Amino acid sequence: MVVLADSPAKVEKEYVVGGLTLCKEQLAELKEIFTRFDRDQDGSITELELGLMLRSLGLKPEGHQLDALVQRADTNSNGMIEFAEFVALIGPQLVKTEAFNDKELLTVFRAFDRDGNGFITAAELAHSMARLGQALSVKELWTMIREADLDGDGRISFPEFATAMMSASSLDIPL
C-alpha cells in the first residue's frame with residue numbers, strides 16, 4: 001500500500017512504502033516504468049507484461065519465477081500487478097539499493113562514461129561491454145540503450161543506469 005506523507009519539514013511529498021520512504025522523483029520513475037510496460041494501458045501489469053519488462057532489462061525469467069513474483073506482489077489476488085502493488089514490490093528494493101550502493105553504482109557508471117560528460121553513449125557502452133568480454137551486436141547494443149534510456153535522448157544518464165541496474169539486481173533473477 002502506498003501512503004502519502006507530507007512532512008512540514010520538507011517541501012517535497014514523500015511516499016511511505018512498506019515502512020520505507022520514496023521521494024516523488026523515485027515514485028515518478030516507477031510510474032514511468034510501470035506505464036511503459038502496461039502495454040494495454042489498463043492500469044495493471046499481467047504476467048506476460050512483467051516478463052517483457054524483465055527481458056527488456058536483459059533478464060531471463062522462467063515461468064515459475066514470474067509466477068512467484070506475481071503471487072508475491074498481487075495483494076488483491078486478481079492475477080495482475082496494479083501500480084500500488086508494483087511500488088510495494090520494487091520500491092523497498094529501490095530505497096535499500098540506493099541507500100547501500102550509490103557509491104558502487106556511480107563508480108561503475110563512471111567507468112562506462114569514458115568522456116566524463118554524465119552520459120553513457122552507444123559507443124561507450126559497446127567499448128565497456130567489449131572490455132568486459134561481452135561484445136554486443138549492433139542490435140543488442142541499441143536494444144540495451146533503448147530499454148535503459150527512459151527519456152529517449154539516445155544516451156543513458158546516471159539515474160537511468162541506476163534504475164536499470166537496480167531492477168536487474170533487486171528482483172533476484174539470474175542475468
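Here the sequence shown is numbered in UniProt numbering, starting from 1 and rising by one per residue. Note that the Cβ used here is the ideal one computed from N, Cα and C, for glycine as well. Remember, it's a predicted structure, so these values are computed and weren't measured experimentally.
Closest by C-alpha distance to G154, out of E124, A130, Q134, is E124.
When the Cα atoms are used, L66 and D113 turn out to be separated by approximately 33 Å.
Between the segment 157-166 and the segment 104-118 there are three or more C-beta pairs closer than 8 Å, enough to call the two in contact.
Residue pairing by DSSP places S157 opposite F119 in a beta bridge.
Sequence-distant Cβ neighbours of L136 in its own chain, meaning closer than 8 Å and more than five residues away, are L125, A126, M129, A130, M144. CA-to-CA, the gap between L48 and L150 works out to about 21 Å. In the DSSP assignment, R36 falls within the alpha helix (DSSP H) that extends over 24-37. Pairing K60 with L54, the inter-Cα distance amounts to about 7 Å. For the pair L50 and L69, the CB atoms are nearer than the 8 Å cut-off. If you compare the alpha carbons of L106, S44, R36, R39 with that of S157, the shortest gap goes to L106.
Only residues of its own chain outside the window of five on either side were considered, and among them F83 have a CB closer than 8 Å to the CB of K31, listed in chain order. Counting along the chain, the unbroken alpha helix (DSSP H) around A68 starts and ends at 63-73.
Taking 8 Å as the upper bound for CB-CB distance, I81 and I33 are not in contact here, some 12 Å apart.
The residue from F37, T35, M165 with its alpha-carbon nearest to that of D102 is M165.
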